[in-house]
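Enquirer: Sharing a structure with you now.
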Amino acid sequence: MSTIPGPTSNRFMSQRLRLNYAEWGDRDAPLLILQHGGQDHCRSWDWVARELMQDWRIICPDLRGHGDSEWSPEGYYGFDAYVYDFAQLVHTLGREQVTIIGHSLGGNVATRFTGLYPDKVRKFVNIEGLGPVESILPDKGKGTPAERLRAWITAKRDTAGRMPKRYTSLTDACARMKEVNGFLTLEKARHLTVHGTTRNEDGTWSWKYDNYLHVWPTTSLTPELLNEIWTAITCPLLLLYGKDSFATSPAIDGRLERLPTARLIEYENAGHWLHHDQFDRFMADVKAFLAE
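For the sequence shown, the working numbering begins at -13 and goes up steadily by one.
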């Protein structure tokens, strides 16, 4: 069993929500923010944090509606809210510059922050966090604005009546974790499950994240505005993609061309959570990139 102590738990305020973050390392060291993806939580970074805590002050925030952060009272989880929360975290921490590693949804949020505040970010590692290729294409074939809004209202109403999934034991929840990512070892799956679930009053277990996360807002940045933000990024940017992931590589769909400071590494035998699937290679690439 590891003798490395676990992180401390802290809170910050954003839009009246009390949001959680785990903290590792020396408070006077350079600041590194590790932002998790959708339906995930801050403790999914524990293995990465333990490798880097000797050289960095590491902050692992729980997105709103995730982990031990509060849920949005109205169930709103738009990108503008996430980006505001991230900007508020950086503001609260009070550093002139930060380094970021972001995964999936968290990488998408951090990409927008980095384009909005390019002087604030020293380096950025983005793990499959650019969003779908459709995000950079004209908004066609998705119905009229009224049709999309009606569909959103229906989805929100349906979600309001949806009960969170309940598991009779942590073992059952862990099996679901392994089903989602077959590359996980049983040890890692159990760790992610223990920190990603909460026990209900009847003794069952449910995931910590808010069910309303399943309903995406109807509005977002236009492809033109998103491209403007991406091209404003000035820091070194490392993109990491798993070859067995559902996510499309930005090398083949045009997104890489919109990120002038980026370089891409693709991982064999790795899916969407490549930092779990190929941990040793991931850490070697990240450490080399951060040391450049």
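Glycine included, C-beta positions come from ideal geometry on N, C-alpha and C.
Only a predicted model underlies this, so the values are computations on that prediction, with no experimental measurement involved.
Can you round the beta-carbon distance between residue 262 and residue 32 to whole angstroms, since I take them to be within the 8 Å contact cut?
Expert: No, residue 262 and residue 32 are not in contact; Cβ-Cβ is about 11 Å, not under 8 Å.
Enquirer: Strictly by DSSP, which residues pair up with residue -5?
Expert: DSSP output for residue -5 lists 8 as bridge partner(s).
Enquirer: Leaving aside the five residues before and after residue 271 along the sequence, list all residues of the same chain whose C-beta is less than 8 Å from its C-beta, in chain order.
Expert: Closer than 8 Å at the Cβ level, and outside the excluded window around residue 271, lie 224, 226, 251.
Enquirer: Can you tell which of 84, 83, 257, 115 has the C-alpha that lies nearest to the C-alpha of residue 98?
Expert: The residue with the shortest Cα to Cα distance from residue 98 is 115.
Enquirer: How would you write the range of the beta strand (DSSP E) that residue 200 sits in, first residue to last?
Expert: Counting along the chain, residue 200 falls outside any beta strand (DSSP E), and DSSP gives it neither H nor E.
Enquirer: Can the beta-carbon of residue 28 be found closer than 7 Å to that of residue 15?
Expert: It is not a contact, given that the beta carbons lie outside the stated cut-off.
Enquirer: List the endpoints of the continuous beta strand (DSSP E) containing residue 253.
Expert: Run containing residue 253: 248 to 253, per the beta strand (DSSP E) assignment.
Enquirer: Quick one: does residue 188 have its CB under 7 Å from some CB of chain B?
Expert: Absent here is chain B; the protein component of the structure consists of one chain.
Enquirer: Taking residue 101 and residue 19 to be in contact with their CB atoms under 8 Å, please state how far apart those CB atoms are, rounded to whole angstroms.
Expert: With a Cβ gap of about 16 Å, residue 101 and residue 19 do not count as contacting.
Enquirer: Do residue 13 and residue 43 have their C-beta atoms closer together than 7 Å?
Expert: Yes, Cβ-Cβ distance for residue 13 and residue 43 is below 7 Å.
Enquirer: Let me make sure I understand the geometry here. Which of 49, 23, 91 has the alpha-carbon closest to that of residue 71?
Expert: If we check each option's Cα against that of residue 71, 49 comes out closest.
Enquirer: Which same chain residues, not among the five before or five after residue 24, have their C-beta less than 7 Å away from its C-beta?
Expert: 90, 91, 199, listed in sequence order.
Enquirer: What residues in its chain sit with their C-beta under 6 Å from that of residue 126, if we drop five residues either side in the sequence?
Expert: At residue 126 the pLDDT is 48, less than 50, meaning the model places this residue with poor confidence; the figure from the coordinates comes in the next sentence. Contacts found: none.
Enquirer: Compare the C-alpha of residue 187 against each of 233, -9, 154, 119 and name the closest.
Expert: The option with the nearest alpha carbon to residue 187 is 154.
Enquirer: On the DSSP bridge assignment, give the partners of residue 185 in chain order.
Expert: According to DSSP, which records beta bridges pairwise, residue 185 is partnered with 191.
Enquirer: Taking 7 Å as the threshold (C-beta atoms), are residue 159 and residue 145 in contact?
Expert: Against a cut-off of 7 Å, the Cβ pair of residue 159 and residue 145 comes out as no contact.
Enquirer: Could you name the residues that DSSP lists as bridge partners for residue 21?
Expert: According to DSSP, which records beta bridges pairwise, residue 21 is partnered with 88.
Enquirer: With a cut-off of 8 Å, do at least 3 Cβ pairs link the stretch 71 to 85 to the stretch 190 to 197?
Expert: They do not touch, by the three-pair rule.
Enquirer: Can you check whether the CB of residue 104 is closer than 7 Å to the CB of residue 218?
Expert: Closer than 7 Å, so yes.
Enquirer: Can you check whether the CB of residue 197 is closer than 7 Å to the CB of residue 236?
Expert: No, the pair does not count as a contact, with Cβ atoms beyond the cut-off.
Enquirer: Can you give me the C-alpha to C-alpha distance between residue 170 and residue 64, rounded to a whole angstrom?
Expert: Approximately 30 Å, taken between the alpha carbons.
Enquirer: Cβ-heavy atom distance between residue 254 and the ligand ATP below 6 Å?
Expert: This structure lacks the ligand ATP, and indeed carries no ligand of any kind.
Enquirer: When the Cα atoms are used, what is the spatial distance from residue -9 to residue 39?
Expert: When rounded, the distance between both Cα atoms is 11 Å.
Enquirer: Quick one: Cα of residue 204 to Cα of residue 163, how far?
Expert: Whole-angstrom Cα-Cα distance: 29 Å.
Enquirer: Can you check whether the CB of residue 201 is closer than 7 Å to the CB of residue 141?
Expert: Yes, Cβ-Cβ distance for residue 141 and residue 201 is below 7 Å.
Enquirer: For a test of the three-state rule: what should DSSP assign to residue 215, helix, strand or coil?
Expert: Reduced to three states, the DSSP call for residue 215 is helix.
Enquirer: I'd like the list of long-range same chain contacts for residue 230, defined as Cβ closer than 7 Å, with 5 residues on each side in sequence excluded.
Expert: So the list reads 255, 256, 257, once near-sequence residues are dropped.
Enquirer: Am I right that residue 253 and residue 260 are in contact with their C-beta atoms under 8 Å? What's the rounded C-beta distance?
Expert: With 8 Å as the limit, residue 253 and residue 260 qualify as a contact, their Cβ atoms being about 5 Å apart.
Enquirer: Nearest-angstrom Cα distance between residue 130 and residue 138?
Expert: Cα-Cα distance, rounded: 12 Å.
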